[in-house]
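*Asks:* There's a structure below that I have some questions on.
Number of protein chains: 2
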Amino acid sequence: MTTRKYKLTLAYDGTCYEGWQARKDGRGIRATLARALESLCGIAPEIIASSRTDAGVHARGLVLHLEVPASFSFTGESLRQALNAKLPDAIRVMSARIAPARFHARFDVLEKEYRYQVWNHPVMDPLLRHQAWHVPRPLELASMKEAAAHFIGRHDFRHFTVMRKGELLDSHRTLTQCRVIKQGKRLTIQLTGEGFLYKMCRRIVGTLVQVGEGKLTPSEVHALLHSPAPHPGGFVAPAHGLMLWRVGY
Amino acid sequence: MTTRKYKLTLAYDGTCYEGWQARKDGRGIRATLARALESLCGIAPEIIASSRTDAGVHARGLVLHLEVPASFSFTGESLRQALNAKLPDAIRVMSARIAPARFHARFDVLEKEYRYQVWNHPVMDPLLRHQAWHVPRPLELASMKEAAAHFIGRHDFRHFTVMRKGELLDSHRTLTQCRVIKQGKRLTIQLTGEGFLYKMCRRIVGTLVQVGEGKLTPSEVHALLHSPAPHPGGFVAPAHGLMLWRVGY
Chain L
289 MTTRKYKLTL AYDGTCYEGW QARKDGRGIR ATLARALESL CGIAPEIIAS SRTDAGVHAR
349 GLVLHLEVPA SFSFTGESLR QALNAKLPDA IRVMSARIAP ARFHARFDVL EKEYRYQVWN
409 HPVMDPLLRH QAWHVPRPLE LASMKEAAAH FIGRHDFRHF TVMRKGELLD SHRTLTQCRV
469 IKQGKRLTIQ LTGEGFLYKM CRRIVGTLVQ VGEGKLTPSE VHALLHSPAP HPGGFVAPAH
529 GLMLWRVGY
Chain S
289 MTTRKYKLTL AYDGTCYEGW QARKDGRGIR ATLARALESL CGIAPEIIAS SRTDAGVHAR
349 GLVLHLEVPA SFSFTGESLR QALNAKLPDA IRVMSARIAP ARFHARFDVL EKEYRYQVWN
409 HPVMDPLLRH QAWHVPRPLE LASMKEAAAH FIGRHDFRHF TVMRKGELLD SHRTLTQCRV
469 IKQGKRLTIQ LTGEGFLYKM CRRIVGTLVQ VGEGKLTPSE VHALLHSPAP HPGGFVAPAH
529 GLMLWRVGY
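Protein chains in written order, with our numbering: chain L, 289 to 537; chain S, 289 to 537.
Written out as structure tokens, the structure is:
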């Protein structure tokens, strides 16, 4: 059976799903997309995604590839429209196009950008409650920016991940961007890198917020990045403030 | 019984409510706030609001006043905290303070600002689906801006409201701001004025989108504002893109 490969960019509201890959089937974003494909093509093709977001995490630009029997003759445009007609409105195919046979959505990633939103005011904005972390105490922006700069570059991020049992991996990663931007009561933390460890974004954000609250100093963050000694590590920020913004190839 | 007057600023996600004043009791924002007050004070004080938003419309800064028995000795801060503990998280008291006895949340309004969001792309952004109107066809920004400028000033807005049966009122209103701002695929229409007719914001936005789609010209909008002849008027934009942004006193 000849197939045609497609590159899809997906956006979703993670509020209603148990992440990309749900433990129990049915409530995952991948499984929801697989069902839409199955009802469209009669088979559920394998879906290879750039990233697996945790429960509650959102996406504006997750990229994936899949192969569909060539006999369906989908153009990118017609596949996008057909899938969006089947998907719930919390998940949208933002774009779809025919990809070269050699394209791989996970192995070919050059960089990923995540954005994390913090609402810094005594009262949560109800319109952001599913898309921003509510931090009621005032945050000191200057020290957060100073600490953020320490993360840029190639570092051992072992204190900024959650190691899964028995896992032995190289915890060196390179961040090309770690910016804290303030717009009124909203802080956005932009993180760009070639790759991220498990929960790395949320642990960096949790650490930056501890710095903003005066519980850690920027130089303690610097030390954490250069210390081989075991350390409990920083706080993990909640999932619902995080968004996979963009994946570059 | 001596009472103390409070000025409250309310934000809410209108998605889950049937507007400020629901026809059937229970699902309105006013009724939900009244229940929280009743469980706090034993009585439900009268709530006077700056505005009555329709079902689906959101607010970042609706202002209201109410009187609570002085015996409770609430400060603004303690009333805010006590109410937020009782309210669902889709409704928040952003600020509360003791107001002078002469303050009136409706009669003392000097100006109101509404903001309307349009998502202009073939595919809806799932994260904005409850807070922006999806307009898939490309919009011509320059002509929308030209048409928007015609609305500024004092005009007879009779073609930009929905007259309720038997209603006879002066349909002249003054708009001090009518701006169309583009940020990527998102358009924001900012409307400021001393007062608005029923559905006036949504009818102005509906008309501006018709201009952006090439179905009306800016000069036809100008003519509509200066024509005394009956006219079906422009399209009414859907409620969920509208937000009451700010009320000035």
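Glycine included, C-beta positions come from ideal geometry on N, C-alpha and C. Since the model is a prediction, treat every value here as computed from it, not as a measurement.
Beta carbon of Met531(L), beta carbon of Arg390(L): below 8 Å?
*Replies:* In the first sequence, residue 531(L) corresponds to position 243, counting from 1. In the first sequence, residue 390(L) corresponds to position 102, counting from 1. The answer is no: Cβ separation not under 8 Å.
*Asks:* So if DSSP puts Val265(L) in a beta bridge, which residue, or which two residues, is it bridged to?
*Replies:* What the structure shows of chain L is the stretch from 289 to 537, and residue 265(L) is not part of that stretch, so it cannot be assessed.
*Asks:* Consider the Cβ of Leu378(L): report whether some Cβ of chain S lies at a distance smaller than 8 Å.
*Replies:* Stepping through the first sequence from its first residue, residue 378(L) is reached at position 90. According to the sequence displayed, residue 378(L) carries Ala and not Leu. Taking Cβ atoms only, chain S reaches closer than 8 Å to Ala378(L), which makes this a yes.
*Asks:* Return the CA-CA distance between Pro414(L) and Asp301(S), expressed in angstroms with no decimal places.
*Replies:* In the first sequence, residue 414(L) corresponds to position 126, counting from 1. In the second sequence, residue 301(S) corresponds to position 13, counting from 1. Going by the C-alpha atoms only, they are around 6 Å apart.
*Asks:* Here's the rule: buried if 16 or more other CB atoms are within 10 angstroms of the residue's CB, otherwise exposed. What is Arg491(L)?
*Replies:* Mapped onto the first sequence, residue 491(L) falls at position 203. When all chains shown are included, Arg491(L) counts as buried.
*Asks:* So which residues on chain S does Leu504(L) lean against when the C-beta distance must stay under 9 Å?
*Replies:* Reading the first sequence from its first residue, position 216 is the one you call residue 504(L). Within chain S, no residue comes near Leu504(L); the closest Cβ sits about 28 Å away, beyond 9 Å.
*Asks:* Would DSSP call Leu463(L) helix, strand or coil?
*Replies:* What you label residue 463(L) is simply residue 175 of the first sequence in a count that begins at 1. In the three-state reduction of the DSSP assignment, Leu463(L) falls in the strand class.
*Asks:* Leaving out the 5 sequence neighbours to the left and right, which residues in its chain are closer than 6 Å to Val345(S) when beta-carbon positions are compared?
*Replies:* Taking the second sequence and counting its residues from 1, the one referred to as residue 345(S) is at position 57. Taken in chain order, the residues that qualify are Gly302, Ala527 and Leu530.
*Asks:* With C-beta atoms as the reference, is Val381(S) less than 8 Å away from Leu296(S)?
*Replies:* Along the second sequence, read from residue 1 onward, the residue named residue 381(S) stands at position 93. Along the second sequence, read from residue 1 onward, the residue named residue 296(S) stands at position 8. If you check the CB distance, Val381(S) and Leu296(S) come in under 8 Å.
*Asks:* Would you call Tyr305(L) buried or exposed, if buried means 16 or more other Cβ atoms sit within 10 Å of its Cβ?
*Replies:* For the purposes of this step, residue 305(L) is taken as the residue at position 17 of the first sequence. Answer is buried; the Cβ neighbour count reaches 16.
*Asks:* Which residues share a DSSP beta bridge with Gln478(S)?
*Replies:* Walking along the second sequence from the start, residue 478(S) turns up at place 190. DSSP, once it has assigned bridges, lists Arg403(S) and Arg467(S) as partnering Gln478(S).
*Asks:* Interface residues of chain S around Asp342(L) at Cβ under 8 Å?
*Replies:* Start at 1 with the first residue of the first sequence, and residue 342(L) comes out as number 54. In chain order: nothing, as chain S lies at least about 17 Å away.
*Asks:* Just grab the DSSP bridge partners of Ser540(L) for me.
*Replies:* Nothing about residue 540(L) can be read from this structure; chain L reaches only from 289 to 537.
*Asks:* Could you work out which residue in Cys466(L), Met412(L), His514(L) and Leu352(L) is closest to His443(L) when comparing CA atoms only?
*Replies:* For the purposes of this step, residue 443(L) is identified with residue 155 of the first sequence, where counting begins at 1. For the residues Cys466(L), Met412(L), His514(L) and Leu352(L), the minimum Cα distance to His443(L) belongs to His514(L).
*Asks:* Establish whether the CB of Ala370(S) and some CB of chain L are separated by less than 8 Å.
*Replies:* As a working note, residue 370(S) is residue 82 in the second sequence. Contact with chain L is absent for Ala370(S), since none of that chain's Cβ atoms lies less than 8 Å from the residue's Cβ.
*Asks:* How would you label Gln498(L), buried or exposed, when you count the other beta carbons within 10 angstroms and need 16 or more for buried?
*Replies:* In the first sequence, the residue the question calls residue 498(L) occupies position 210. By the neighbour-count rule (16 or more Cβ atoms within 10 Å), Gln498(L) is buried.
*Asks:* Compute the distance between the beta-carbons of Ala310(S) and Ala299(S), then report whether it is under 8 Å.
*Replies:* On the second sequence, residue 310(S) is found 22 positions in, with the first residue counted as 1. On the second sequence, residue 299(S) is found 11 positions in, with the first residue counted as 1. Cβ distance not < 8 Å, so Ala310(S) and Ala299(S) don't count as in contact.
*Asks:* Note down, in chain order, every chain L residue with its Cβ under 9 Å from the Cβ of Tyr300(S).
*Replies:* Sequence index remark: in the second sequence, residue 300(S) carries index 12 (1-based). Residues of chain L with a Cβ closer than 9 Å to the Cβ of Tyr300(S) are, in chain order, Pro414 and Leu415.
*Asks:* Please classify Ser431(S): is it buried, with 16 or more other beta-carbons within 10 angstroms of its beta-carbon, or exposed?
*Replies:* The residue labelled residue 431(S) in the question sits at position 143 within the second sequence. Classification for Ser431(S): buried.
*Asks:* Going by C-alpha distance, which of His409(S), Lys487(S) and Gly494(S) is nearest Gly472(S)?
*Replies:* Walking along the second sequence from the start, residue 472(S) turns up at place 184. Looking at the Cα atoms, His409(S) is the closest of the given residues.
*Asks:* List the residues of chain S that His346(L) touches, going by C-beta distances under 9 Å, in chain order.
*Replies:* As a first step, residue 346(L) is located in the first sequence; it is residue number 58 there, counting from the start. Against chain S, the beta carbon of His346(L) has neighbours under 9 Å at Pro414 and Leu415, listed in chain order.
*Asks:* Could you name the residues that DSSP lists as bridge partners for Trp421(S)?
*Replies:* Reading the second sequence from its first residue, position 133 is the one you call residue 421(S). DSSP, once it has assigned bridges, lists Val406(S) as partnering Trp421(S).
*Asks:* For Gln405(S), go through chain L and note every residue whose CB falls closer than 8 Å to its CB, in chain order.
*Replies:* Your numbering for residue 405(S) matches position 117 in the second sequence. Here the premise fails: no neighbours, minimum Cβ distance about 11 Å.
*Asks:* Whole angstroms are fine: how far does the CA of His510(L) sit from the CA of Phe439(L)?
*Replies:* One-based indexing of the first sequence puts residue 439(L) at position 151. One-based indexing of the first sequence puts residue 510(L) at position 222. Roughly 8 Å between the two C-alpha positions.
*Asks:* Please list, in chain order, all residues of the same chain as Pro357(L) whose beta carbon is under 7 Å from its beta carbon, the five residues on each side excluded.
*Replies:* If you number the first sequence from 1, residue 357(L) lands on position 69. Met289, Thr291 and Cys329, listed in sequence order.
*Asks:* Kindly give me the distance between the Cβ atoms of Tyr537(S) and Val397(S), rounded to whole angstroms, as I take these residues to be in contact under 8 Å.
*Replies:* On the second sequence, residue 537(S) is found 249 positions in, with the first residue counted as 1. On the second sequence, residue 397(S) is found 109 positions in, with the first residue counted as 1. Right, their Cβ atoms sit about 6 Å apart.
*Asks:* Does DSSP classify Val450(L) as helix, strand or coil?
*Replies:* Translated into positions along the first sequence, residue 450(L) becomes position 162. Coil, per DSSP.
*Asks:* 8 Å is my cut-off, CB to CB: does Gln419(S) come that close to chain L?
*Replies:* Numbered from its first residue, the second sequence carries residue 419(S) at position 131. Interface residue, yes.
*Asks:* Suppose you measure from the CA of Leu350(L) to the CA of Ser366(S); what does that come to, to the nearest Å?
*Replies:* Within the first sequence, the letter at position 62 stands for residue 350(L). Within the second sequence, the letter at position 78 stands for residue 366(S). So the alpha carbons of these two residues sit roughly 44 Å apart.
*Asks:* Closest by CA to Ala436(S), which one among Gly483(S), Leu496(S) and Phe360(S)?
*Replies:* Against the second sequence, residue 436(S) aligns to sequence position 148. Ranking the options by Cα distance to Ala436(S), first place goes to Leu496(S).
*Asks:* Is the separation between the beta-carbon of Cys489(S) and that of Leu475(S) shorter than 8 Å?
*Replies:* Within the second sequence, the letter at position 201 stands for residue 489(S). Within the second sequence, the letter at position 187 stands for residue 475(S). No, these two residues do not count as a Cβ contact at 8 Å.
*Asks:* Is DSSP giving Val397(L) helix, strand or coil here?
*Replies:* Position 109 of the first sequence, counting from 1, holds the residue named residue 397(L). If DSSP states are grouped into helix, strand and coil, Val397(L) belongs with coil.
*Asks:* Within the 8 Å Cβ cut-off, does Met382(L) reach chain S?
*Replies:* Your numbering for residue 382(L) matches position 94 in the first sequence. Yes, its Cβ sits closer than 8 Å to a Cβ of chain S.
*Asks:* Can you tell me whether Leu416(L) is buried or exposed, with buried defined as 16 or more other CB within 10 angstroms of its CB?
*Replies:* Against the first sequence, residue 416(L) aligns to sequence position 128. When all chains shown are included, Leu416(L) counts as buried.
*Asks:* Rounded to whole angstroms, what is the Cα-Cα separation between Glu455(L) and Tyr486(L)?
*Replies:* For this step, residue 455(L) is matched to residue 167 along the first sequence. For this step, residue 486(L) is matched to residue 198 along the first sequence. So the alpha carbons of these two residues sit roughly 11 Å apart.
*Asks:* Output the distance between the C-alpha atoms of Ile386(S) and Thr363(S), rounded to the nearest integer angstrom.
*Replies:* For the purposes of this step, residue 386(S) is taken as the residue at position 98 of the second sequence. For the purposes of this step, residue 363(S) is taken as the residue at position 75 of the second sequence. So the two alpha carbons sit approximately 7 Å from each other.
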